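Student: Residue 192 in my numbering sits at position 189 of the sequence shown, with consecutive numbering throughout.
In this text, a Cβ means the ideal position worked out from N, Cα and C, and glycines have one as well.
Nothing here was measured: the structure is a model prediction, and the numbers come from that model.
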Amino acid sequence: MRPETMPLEPVTLTGRHVRLVPLSRDHRDDLAAAVRDGELWRLWYTSVPEPDGMGAEIDRRLSLQAAGRMLPFTVIDTASGQPVGMTTYMNIDLQGPRVEIGSTWYAARVQRTPLNTEAKRLLLTHAFERLDCLAVEFRTHFLNRQSRRAIERLGAKLDGILRQHMRMPDGSLRDTCVYSITAPEWPAVRAGLDWQLSKPR
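Below is the structure:
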């Protein structure tokens, strides 16, 4: 069904390693604890909320959801049942349709684990196979090498670099790398993600 007739509504996406649930203010304390794992807000090239600012960040994302501009998720580690991060569909274009997967962060203990790969697998599957997206975008700081490698491992291709695209909290100017996966590329990307998830750990 085309998104023009099916609004982008909150949904729960469940896999073996991860469950993505609609973001809620009830998650504030657990997410504040998760962001302390690795002190992620101290990374100058990212925009991750500080523990004391988690409530405000949740309110910001829920406000964007109410305006139809974002669909935010809390990332749950199925092994522990605990929230370990946040992710979203953002820059939503229902006429395309296309979305960006972004504003994502994970507690340090689950980074570079199957949880992240499976979370992207679930989000991409929903975008392409349920929402019928033409393309799914990913954006990151030019200097965030870890994020760029992770996006490229998904199978996304670099569309280009937006020079001096935005101002960071510290006042520096960010060059933004824009990646995407298109609908015709999705079957091959899906096979690659499934292969990654099938490898022994």
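Helix, strand or coil for Pro100? Go by DSSP, reduced to three states.
Tutor: Three-state DSSP puts Pro100 in coil, outside helix and strand.
Student: In chain order, what residues of the same chain have a beta carbon less than 6 Å from the beta carbon of Arg101, not counting five sequence neighbours either side?
Tutor: Cβ neighbours of Arg101 beyond the five flanking positions: Cys136, Leu137 and Ala138.
Student: Please name the residue or residues paired with Lys160 in a DSSP beta bridge.
Tutor: Bridge partners of Lys160: Ser183.
Student: Kindly indicate which residue of Arg177, Gln114 and Leu125 has the alpha-carbon position closest to the one of Phe145.
Tutor: Measuring from the Cα of Phe145, the nearest candidate turns out to be Arg177.
Student: Taking the C-alpha atoms as reference points, what is the distance between Arg148 and Gly163?
Tutor: The alpha-carbon atoms of Arg148 and Gly163 are separated by roughly 15 Å.
Student: When DSSP labels each residue in this structure, what does Leu176 get in the three-state scheme?
Tutor: In this structure, Leu176 counts as strand in the three-state DSSP scheme.
Student: Rounding to the nearest angstrom, what Cα-Cα distance links Glu103 and Pro203 in this structure?
Tutor: Their Cα atoms are separated by approximately 30 Å.
Student: How is the beta strand (DSSP E) around Asp62 delimited, first residue to last?
Tutor: Counting along the chain, Asp62 falls outside any beta strand (DSSP E), though it belongs to the alpha helix (DSSP H) covering Met57 to Ala69.
Student: Quick test of the definition: if touching needs 3 or more C-beta pairs under 8 Å, does the stretch 82-92 touch the stretch 105-117?
Tutor: These segments touch.
Student: Taking the DSSP output, what are the residues bridged to Ile79?
Tutor: Answer by DSSP bridge pairing, in chain order: Arg22 and Pro86.
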